[in-house]
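These notes concern the structure reproduced below.
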Amino acid sequence: MNKKIIIPIIFALVGTSFVSYSFLDTFIIPKNTRKVNLNSNIDDFFNTPVSSSSISEPPFSSNSITPNPSSSTISSSAEEVKPQIQYYEDKSEEEINALFTKEVVFREREHYSSPNIYIDITTHRDLEDTTTYYIADIRIKHLKYLKTALAKDTFGENVVEKTSEICKRNKGILAINGDYYGAQEAGYVLRNGEILRSTVSKSNVGENPRKNPEDLAIYRDGTFEIFNEHDYSLEEIRDKGAWQVFSFGPGLIKDGEIIVGEKDEVATALAGGRNQRTTIGMIAPLHYVFVVNDGRSTTDDGFSLFEMAHILKDLHCYCAYNLDGGGSSTMYLDNGTGNADKLAHLVNKPSQDWRTNSGKIGQREISDIVYIGEE
Amino acid sequence: MTLFISEKNKKAYLYRFFAYLGITAFIALFGFVYEQFSHGVNSNYMWFAWFYPLFCGVGVYAILCFLPIIFVPGVLAECCYNLGVALLTTRSIMMGVLEIYGKTNDRMVLIYLILFIIFITLGVLLYAYGLIFLRKKVTKE
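Each protein sequence line maps, in turn, to chains S and A.
The first sequence begins at -4 in my numbering and counts up by one.
The second sequence begins at 15 in my numbering and counts up by one.
In structure tokens form, the structure reads like this:
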């Protein structure tokens, strides 16, 4: 063969090999991985007192609000309750205590209660009859029951596993997908009190998905705070007592007010687009909601961020945050034993591709979950 | 003919011109179809990836094909240039996929850019070297 044929063939092979490798490197090959046992330090975290300087500078706004005239400040077992903030509560202390049962009760595929955890899942349809959404009302006796877990117990990029599998392995009861930190090379990741990544989100391509990176911190007193990565280092947030930090966003509700605009979207999605969403909200310390909706199907359009923020506002959330959505959106209920029985099931209808129009439902493999678990 | 320059074969260059036109159309169609299934996530990198084969391929080969140029790039110079254009186009598609999927890979995006610059520069330099130093040799052949 002469060089007029050999040289182009060599170049074509080199080019094809490089392009193939680049896509494998982006989507398949695990990178920067390390095994992490997030459950090993939980007791240590809560037994270690926060430094006094952190307590004197509360991370959240000191503006007191009264979301509802009938609101009252609840007394909870949180280590610190800021007296100046009045959170919504429509139940008396006795009624709240009555929600927690002496024995584990797991019934009707949508309700779980135990001495420490109360979960009630309800299914709703929006007024325009376009989308089904699921609200998990969660009350816990201690923040240690609101935990996170990583795919394959490993931190790193391209390490993925289904929400249900991560939940089962960690003996979780209710799980939603997290912020899919593994899809990003930067952005704060702090889980169960442990710093896993402290690099600030930066521009990568074109319109930076996280030009103004809003993160969610869950503090040891059970409060939520939405903050900007450019304003605080992760070490500062940790020193203030952060138990979890998520980097996806945007924030939906802050200090009881909707902070997302009608046309706001994540990343480069079309403004005001409707999609599946996974959100987490705090009504009061130790009283939370997980809200997930269906989408990308002939029966469900999905919600815009603004629409979802309104749902969370109606639930009296004081602070709410958007986690990874789209095909990642998953809510899964298990029995908390790790041995899933017939009661364990997907609550929503996660779907990740256009074939859902024909009814296909399947979980996307993701990096991390947020879950409620006893152990 | 040398690896760096050769005398123009107009028929072969017309073929290359149309090949790049076809590639441009394919990339445009690919971007359009990909966007249809991106669930409302938009990426200009995906939409406009066809610009690179159009500008660097169709445009450049139109000049080489239709203008009265005697000496055109040889096989090595041409392969370097074409690989550079391919890398630039693939980079744009990859950035589009990253944007739509919501993922980042800054390192690989940078490597693409560096390789693109290296190969395009190499192609142009080899051609220039051939034009300056090898014209007589090619003419004698």
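Heads up, the beta-carbon is just placed ideally off N, CA and C, and yes, glycines get one too.
is_contact[residue i, chain S] using C-beta, thresh 7 Å
i	result
Gly45 (chain A)	no
Lys117 (chain A)	yes
Leu148 (chain A)	no
Ala91 (chain A)	no
Leu167 (chain A)	The structure shown does not extend to residue 167 (chain A), since chain A spans only 15 to 155, so no value can be given for it.
Ala76 (chain A)	no
Leu97 (chain A)	yes
Gly88 (chain A)	no
Thr38 (chain A)	no
Ala100 (chain A)	yes
Gly54 (chain A)	yes
Met60 (chain A)	no
Where residue i sits in the DSSP three-state scheme
i	result
His305 (chain S)	helix
Thr104 (chain A)	helix
Cys93 (chain A)	helix
Val87 (chain A)	As written in the sequence, residue 87 (chain A) is Pro, which differs from the Val given in the question. DSSP places Pro87 (chain A) in strand when its eight states are reduced to three.
Glu49 (chain A)	helix
Gly320 (chain S)	coil
Tyr29 (chain A)	helix
Leu19 (chain S)	helix
Asp38 (chain S)	helix
Asn187 (chain S)	coil
Tyr129 (chain S)	strand
Asn(-3) (chain S)	coil
Thr135 (chain A)	helix
Val45 (chain S)	coil
Lys344 (chain S)	coil
Arg149 (chain A)	helix
Arg359 (chain S)	coil
Asp210 (chain S)	strand
Gly368 (chain S)	strand
Ile171 (chain S)	strand
Arg291 (chain S)	coil
Cys70 (chain A)	helix
Distance, residue j Cα to residue i Cα
i	j	result
Phe298 (chain S)	Arg291 (chain S)	10 Å
Ser362 (chain S)	Leu145 (chain S)	6 Å
Ala237 (chain S)	Val255 (chain S)	24 Å
Thr409 (chain S)	Glu189 (chain S)	No answer is possible for residue 409 (chain S): the residues shown for chain S start at -4 and end at 370.
Asn330 (chain S)	Leu112 (chain A)	37 Å
Leu102 (chain A)	Lys22 (chain A)	26 Å
Val14 (chain S)	Pro345 (chain S)	31 Å
Arg215 (chain S)	Phe41 (chain S)	7 Å
Phe22 (chain S)	Tyr115 (chain A)	10 Å
Ser196 (chain S)	Gln179 (chain S)	8 Å
Gly177 (chain S)	Phe150 (chain S)	8 Å
Gly182 (chain S)	Glu160 (chain S)	25 Å
Pro110 (chain S)	Tyr316 (chain S)	28 Å
Reference residue i; option with closest CA among the options
i	options	result
Gly246 (chain S)	S:Ile135, S:Glu105, S:Asn36 and S:Gly276	S:Gly276
Ile83 (chain A)	A:Lys151, A:Leu68 and A:Ser20	A:Ser20
Lys166 (chain S)	S:Pro3, S:Gly320 and S:Tyr140	S:Tyr140
Tyr366 (chain S)	S:Lys97, S:Ile24, S:Glu89 and S:Ile135	S:Ile135
Phe44 (chain A)	A:Thr135, A:Leu136, A:Val89 and A:Ile107	A:Ile107
Ser380 (chain S)	A:Phe51, A:Leu81 and A:Tyr126	Examination of residue 380 (chain S) is not possible in this model, given that chain S is present from -4 through 370 alone.
Val261 (chain S)	S:Lys(-2), S:Gly321 and S:Thr125	S:Gly321
Glu257 (chain S)	S:Lys235, S:Leu211 and S:His305	S:His305
Arg359 (chain S)	S:Thr294, S:Asn153, S:Phe243 and S:Gly217	S:Asn153
Leu90 (chain A)	S:Pro110, S:Glu98, S:Ile5 and S:Ile114	S:Ile5
Gly173 (chain S)	S:Val342, S:Glu105 and S:Met326	S:Met326
Pro280 (chain S)	S:Cys312, S:Thr274, S:Asp289 and S:Gln271	S:Cys312
Lys151 (chain A)	A:Gly88, A:Phe32 and A:Thr118	A:Gly88
Glu302 (chain S)	S:Tyr83, S:Glu105 and S:Arg120	S:Arg120
Heavy atom of the ligand MN within 6 Å of residue i beta-carbon
i	result
Phe101 (chain S)	Only the bare structure without any ligand can be found here, which leaves the ligand MN out of the picture.
Any C-beta of chain A under 7 Å from that of residue i
i	result
Ala178 (chain S)	yes
Lys139 (chain S)	no
Gly268 (chain S)	yes
Ile2 (chain S)	yes
Asp20 (chain S)	yes
Gly10 (chain S)	yes
Val184 (chain S)	no
Lys(-1) (chain S)	yes
Val14 (chain S)	yes
Closer than 7 Å between beta carbons: that is the criterion. Which residues of the segment 273 to 286 of chain S meet it against chain B? The chain inventory of the structure shown lacks chain B, comprising the protein chains S and A.
Only counting runs of 3 or more residues, tell me where the beta strand (DSSP E) segments fall wholly within the segment 227 to 264 of chain S, in order along the chain. You should have 237 to 241 and 246 to 249.
Residue ranges of each alpha helix (DSSP H) run of no fewer than 4 residues wholly in the segment 79 to 162 of chain S, ordered along the chain? Fully contained in the segment 79 to 162 of chain S are the following alpha helix (DSSP H) runs of length 4 or more, in chain order: 88 to 94.
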